[in-house]
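Colleague: For the sequence shown, the numbering used here gives the first residue as 7, with consecutive numbering after it.
Backbone N, C-alpha and C define an ideal beta-carbon position, used for all residues, glycine too.
The structure follows.
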Amino acid sequence: MSQSMIESDPQSPPPTQAADAVAGKSQGRLIFERFLQNRISVVSLILLVGIIVFTFSATGFGPIPGWWKYDFKTLNPQAGGPTLSLWPFSFGDHPFGQNRIGVDYFALVMRGIQNSVIVMVVIGGLGTIVGTVVGAIAGYYRGWVDAVLMRITDVFIVIPAIVIGAVVGQTAGESGLGVWVLSILLALVSWMSIARLVRAEFLSLREREFVEAARVAGASDARIIFKHILPNAVGVVIVSATLLAASAILLETGLSYLGYGIRAPESSLGLLISDNQSAFTTRPWLYWWPAVFIVSLALLVNFVGDGLRDAFDPRQKRFKRRKMKEFIDAGAPRPKTSAPQTSTPE
7 MSQSMIESDP
17 QSPPPTQAAD
27 AVAGKSQGRL
37 IFERFLQNRI
47 SVVSLILLVG
57 IIVFTFSATG
67 FGPIPGWWKY
77 DFKTLNPQAG
87 GPTLSLWPFS
97 FGDHPFGQNR
107 IGVDYFALVM
117 RGIQNSVIVM
127 VVIGGLGTIV
137 GTVVGAIAGY
147 YRGWVDAVLM
157 RITDVFIVIP
167 AIVIGAVVGQ
177 TAGESGLGVW
187 VLSILLALVS
197 WMSIARLVRA
207 EFLSLREREF
217 VEAARVAGAS
227 DARIIFKHIL
237 PNAVGVVIVS
247 ATLLAASAIL
257 LETGLSYLGY
267 GIRAPESSLG
277 LLISDNQSAF
287 TTRPWLYWWP
297 AVFIVSLALL
307 VNFVGDGLRD
317 AFDPRQKRFK
327 RRKMKEFIDA
337 GAPRPKTSAP
347 QTSTPE
């Protein structure tokens, strides 16, 4: 055996060095470092936080005033088209223009983003809590408890979400209680997908050795669920919450567009598109600004969710890379091989 084969590569660290570096880190730090490696998700998170901070600081929230001088309910003299200038950068009096009655459109769009963020957070948070509780109970206790809870879940799943949302939105709109009640009611009918995912995770984890050891040691069901199983399922819960939050934005804008969601004098991105769709050819900026922010918010939340999924379960990332490599290899042209010539006996 040659000397070059038995000598280790001086550029590569010893096998135990990388293992020791990983072993000395907590699970949370490993997840955080994996998330930072996904540049698209990190940039998406920064942009998402930036949009939220900019929106809530512009027009204010509740009793807290904002830095923008116009309100989303105040009528102003018509001043023409948008005054936003990218070079040299300048906001002007009405950067997004005005609607047909003179209300500053920048204030309307900012207020619409605020309501979309409220719906996203409430549905993502409350829906995740309800779905996690239902899925955890069904997956841990199984038997008739699992059967009853899953049949209830199936009833909600087979009904289209837009139909349930229309009924809920109509009820919330007639009550006049605003975006908070609409968000809570929608959250109470948006937990089904998370419940199924958490149930599947609990069915798998409850058979692990550490759960059996805790059960033999006399731990109560509540301690086993919250102390042993749920921390190992938190990755599925968090990733599912981001997906639910992204779908909540689209659900709210769709309901508001149809007239079953947020209503005037409040503002919503879907409501702005519905009110200004007739101006698509004459004043297209009234249509495009809400549409741009709807797509941006949904995409940014989805990108953050993808990064969290890869951070909590790096096997998913390796699986996608392997599948992509197989797909590329399958589509690559293969060199033609000529059949071997055989001589026929004379």
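Could you check the C-alpha separation between GLY107 and LEU278 for me, to the nearest Å?
Modeller: The sequence position of residue 107 within the sequence shown is 101, counting from 1. The sequence position of residue 278 within the sequence shown is 272, counting from 1. Correcting the residue type first, residue 107 is Ile in the shown sequence and not Gly. Looking at the two C-alpha atoms, the distance is approximately 13 Å.
Colleague: Using DSSP's beta-bridge definition, name the partner residues of LEU81.
Modeller: Along the sequence shown, read from residue 1 onward, the residue named residue 81 stands at position 75. Answer is VAL109, bridged to LEU81.
Colleague: Is the beta carbon of TYR293 closer than 8 Å to that of ALA5?
Modeller: With the chain represented from 7 up to 352, any question about residue 5 goes unanswered, as that position is not in the structure.
Colleague: Take the Cβ of TYR146 as the centre, count every other Cβ of all protein chains shown within 10 Å, and call the residue buried at 16 or more, exposed below.
Modeller: Here residue 146 refers to the residue found at position 140 of the sequence shown. Buried, since its Cβ has 16 or more Cβ neighbours within 10 Å.
Colleague: What do you get for THR80, buried or exposed, if any count of 16 or more other CB atoms within 10 angstroms of its CB means buried?
Modeller: In the sequence shown, residue 80 corresponds to position 74, counting from 1. Exposed is the call here.
Colleague: May I ask you to report which of helix, strand or coil DSSP gives PHE216?
Modeller: Indexing the sequence shown from 1 puts residue 216 at position 210. In the three-state scheme derived from DSSP, where H, G and I count as helix and E and B as strand, PHE216 is classed as helix.
Colleague: Please name the residue or residues paired with PHE67 in a DSSP beta bridge.
Modeller: Locating residue 67 in the sequence shown gives position 61, counting from the first residue. In DSSP, PHE67 forms a bridge with ILE70.
Colleague: If VAL204 and THR248 are in contact, beta carbons under 8 Å, what's the gap, nearest whole angstrom?
Modeller: The count along the sequence shown starts at 1 and reaches residue 204 at position 198. The count along the sequence shown starts at 1 and reaches residue 248 at position 242. Not confirmed; about 15 Å, so no contact.
Colleague: For the pair the stretch 248-268 and the stretch 61-77, tell me if three or more CB-CB distances fall below 8 Å.
Modeller: no
Colleague: Check whether the Cβ atoms of THR65 and PHE78 sit closer than 8 Å, and answer yes or no.
Modeller: The residue given as residue 65 occupies position 59 in the sequence shown. The residue given as residue 78 occupies position 72 in the sequence shown. Against a cut-off of 8 Å, the Cβ pair of PHE78 and THR65 comes out as a contact.
Colleague: How about ILE46 and PHE309: are their beta carbons less than 8 Å apart?
Modeller: Locating residue 46 in the sequence shown gives position 40, counting from the first residue. Locating residue 309 in the sequence shown gives position 303, counting from the first residue. Cβ distance < 8 Å, so ILE46 and PHE309 count as in contact.
Colleague: From which residue to which residue does the alpha helix (DSSP H) around PRO237 run?
Modeller: Start at 1 with the first residue of the sequence shown, and residue 237 comes out as number 231. Its alpha helix (DSSP H) spans residues 236-264.
Colleague: Could you tell me the alpha carbon to alpha carbon distance between ILE300 and ALA206, rounded to whole angstroms?
Modeller: Position 294 of the sequence shown, counted from the first residue, corresponds to residue 300. Position 200 of the sequence shown, counted from the first residue, corresponds to residue 206. Distance between the alpha carbons of ILE300 and ALA206: 32 Å.
Colleague: Counting pairs of Cβ atoms below 8 Å between the stretch 117-130 and the stretch 268-275, do you hit three or more?
Modeller: Yes: at least three Cβ pairs fall under 8 Å.
Colleague: Answer with buried or exposed for TRP150, where buried requires no fewer than 16 other C-beta atoms within 10 angstroms of its C-beta.
Modeller: Looking up residue 150 in the sequence shown gives position 144. TRP150 comes out exposed.
Colleague: Between THR259 and ASP152, what straight-line distance do the alpha-carbon atoms span, to the nearest angstrom?
Modeller: The count along the sequence shown starts at 1 and reaches residue 259 at position 253. The count along the sequence shown starts at 1 and reaches residue 152 at position 146. Whole-angstrom Cα-Cα distance: 34 Å.
Colleague: Pull up the CB-CB distance for LEU191 and ALA178, whole angstroms please, since I reckon it's below 8 Å.
Modeller: Counted from its first residue, the sequence shown places residue 191 at position 185. Counted from its first residue, the sequence shown places residue 178 at position 172. At roughly 6 Å, the Cβ-Cβ gap stays under 8 Å, so LEU191 and ALA178 are in contact.
Colleague: Taking the straight line between their C-alpha atoms, what separation do you get for MET126 and LEU54?
Modeller: Numbered from 1 along the sequence shown, position 120 holds the residue referred to as residue 126. Numbered from 1 along the sequence shown, position 48 holds the residue referred to as residue 54. Using only the alpha carbons, I get a separation of about 12 Å.
Colleague: The alpha helix (DSSP H) that contains GLU39, what's its start and end?
Modeller: Counting from one through the sequence shown, the residue named residue 39 turns up at place 33. That run of the alpha helix (DSSP H) goes 33-43.
Colleague: Helix, strand or coil for GLU272 per DSSP?
Modeller: Looking up residue 272 in the sequence shown gives position 266. Reduced to three states, the DSSP call for GLU272 is coil.
Colleague: So, are the CB atoms of ARG221 and ILE235 less than 8 Å apart?
Modeller: Here residue 221 refers to the residue found at position 215 when the sequence shown is read from its first residue. Here residue 235 refers to the residue found at position 229 when the sequence shown is read from its first residue. Contact: no.
Colleague: I think VAL243 touches THR134, with their Cβ atoms under 8 Å apart; what is that distance to the nearest whole Å?
Modeller: As a position in the sequence shown, residue 243 is number 237, starting the count at 1. As a position in the sequence shown, residue 134 is number 128, starting the count at 1. The pair is a contact, with the Cβ atoms about 6 Å apart (cut-off 8 Å).
Colleague: If you drop the 5 nearest sequence neighbours on each side, which residues of the same chain put their C-beta closer than 7 Å to that of ARG40?
Modeller: Here residue 40 refers to the residue found at position 34 when the sequence shown is read from its first residue. Once the five neighbours on either side are set aside, the close Cβ partners of ARG40 are ASP316, ALA317, PRO320.
Colleague: Find the nearest neighbour of ASN105 within the set PHE38, TRP295, GLN43, SER189, judged by alpha-carbon distance.
Modeller: In the sequence shown, residue 105 corresponds to position 99, counting from 1. Nearest of PHE38, TRP295, GLN43, SER189 to ASN105, Cα basis: TRP295.
Colleague: Mind reading off the beta-carbon distance from LEU257 to ALA167? Whole number of angstroms is fine, and I expect it under 8 Å.
Modeller: The residue given as residue 257 occupies position 251 in the sequence shown. The residue given as residue 167 occupies position 161 in the sequence shown. The Cβ separation is near 6 Å, so the contact holds.
Colleague: Skipping 5 residues on each side, what residues in its chain have a beta carbon closer than 7 Å to that of PHE162?
Modeller: By 1-based counting over the sequence shown, the position of residue 162 is 156. So the qualifying residues of the chain are VAL195, MET198.
Colleague: Could you spell out where the alpha helix (DSSP H) holding TYR293 opens and where it closes?
Modeller: Locating residue 293 in the sequence shown gives position 287, counting from the first residue. Annotation for TYR293: the continuous alpha helix (DSSP H) segment containing it runs 291-318.
Colleague: Taking just the CA atoms, how far does GLY224 sit from VAL187?
Modeller: Residue numbering aside, residue 187 sits at position 181 when the sequence shown is read from its first letter. Residue numbering aside, residue 224 sits at position 218 when the sequence shown is read from its first letter. Distance between the alpha carbons of VAL187 and GLY224 is about 43 Å.
Colleague: Below 6 Å CB to CB, which residues in the same chain sit around THR159 once its five sequence neighbours on both sides are set aside?
Modeller: Numbered from its first residue, the sequence shown carries residue 159 at position 153. Correct list, in chain order: MET198, ALA201.
Colleague: Please name the residue, chosen from VAL49, LYS31, GLN33, SER32, that lies closest to ASP312 on a Cα-to-Cα basis.
Modeller: Locating residue 312 in the sequence shown gives position 306, counting from the first residue. Comparing alpha-carbon positions, the option among VAL49, LYS31, GLN33, SER32 lying closest to ASP312 turns out to be VAL49.
Colleague: Between LEU211 and ALA228, how many whole angstroms is the CB-CB distance? I'm expecting something under 8 Å.
Modeller: Start at 1 with the first residue of the sequence shown, and residue 211 comes out as number 205. Start at 1 with the first residue of the sequence shown, and residue 228 comes out as number 222. The Cβ separation is near 15 Å, so there is no contact.
Colleague: Using the beta-carbon count (16 or more within 10 Å), is PRO88 buried or exposed?
Modeller: Taking the first residue of the sequence shown as 1, we reach residue 88 at position 82. The residue is buried, with at least 16 neighbouring Cβ atoms inside 10 Å.
Colleague: To the nearest whole angstrom, what separates the beta carbons of TRP74 and ALA113, a pair I think is in contact under 8 Å?
Modeller: Residue mapping note: residue 74 aligns to position 68 of the sequence shown, counting from 1. Residue mapping note: residue 113 aligns to position 107 of the sequence shown, counting from 1. That pair is a contact at about 6 Å.
Colleague: Might you give, ordered along the chain, the residues of its own chain that have their beta carbon closer than 8 Å to the beta carbon of SER436, omitting 5 neighbours on each side?
Modeller: No statement about residue 436 is possible, as the shown extent of the chain runs from 7 to 352 and does not include it.
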